[in-house]
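**Q** Residue numbers (this note's numbering): 679 to 762.
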Amino acid sequence: MTIKDSTPIETIKDFEAALSELESIVKRLEDGDLTLESSLALYERGVELSRFCHSRLEQAERRIEILNERGDLKPAPPGLGETK
Numbered sequence: 679m680t681i682k683d684s685t686p687i688e689t690i691k692d693f694e695a696a697l698s699e700l701e702s703i704v705k706r707l708e709d710g711d712l713t714l715e716s717s718l719a720l721y722e723r724g725v726e727l728s729r730f731c732h733s734r735l736e737q738a739e740r741r742i743e744i745l746n747e748r749g750d751l752k753p754a755p756p757g758l759g760e761t762k
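1. Could you check whether A696 and L763 sit closer than 7 Å to each other, using their CB atoms as the reference points?
2. Thinking just about the alpha-carbon of each residue, which of E747, F730, R748 is nearest to the one in T689?
3. From what residue to what residue does the alpha helix (DSSP H) around G724 run?
4. What is the DSSP secondary structure of K705, counted as helix, strand or coil?
5. Does M679 come out as helix, strand or coil in the three-state DSSP assignment?
6. Considering only the alpha carbon of each residue, which of E699, E739, E743, A738 lies closest to E722?
Now the structure itself:
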C-alpha cells in the first residue's frame, strides 16, 4: 500500500479538514496493513496535523477568553455539554 501525497501543513487552513485527515490516518495506522516506512510517514503527518489542530484550539480558547473579559460573560456551569 502506498501513501498518497498529503497536503503540506502550510496549506491547511481549516480545522475540520485537518481533523478529518488525522482521523483517517489513525484508522489506517490501526488497521496495521502498512509497511514500516509507510507507517512512519503517516505517523509524522499525524503529528503535524495534531499540532495544527492543537494550535487552532488554543487560538480559539484565547479568543473566547478575550470575549469573556470584554463582554463580562460568565463561564458555563459545570457539567454543561457532558454526554452520558
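Yeah, the Cβ is synthetic: ideal placement off N, Cα and C, and Gly gets one too.
**A** By the coordinates alone:
1. With the chain covering only 679 through 762, there is no way to say anything about residue 763.
2. F730
3. 714–749
4. helix
5. Legend: pLDDT at M679 = 40, less than 50; position of this residue unreliable, value from coordinates given subsequently. Note: M679 maps to coil in three-state DSSP.
6. E699
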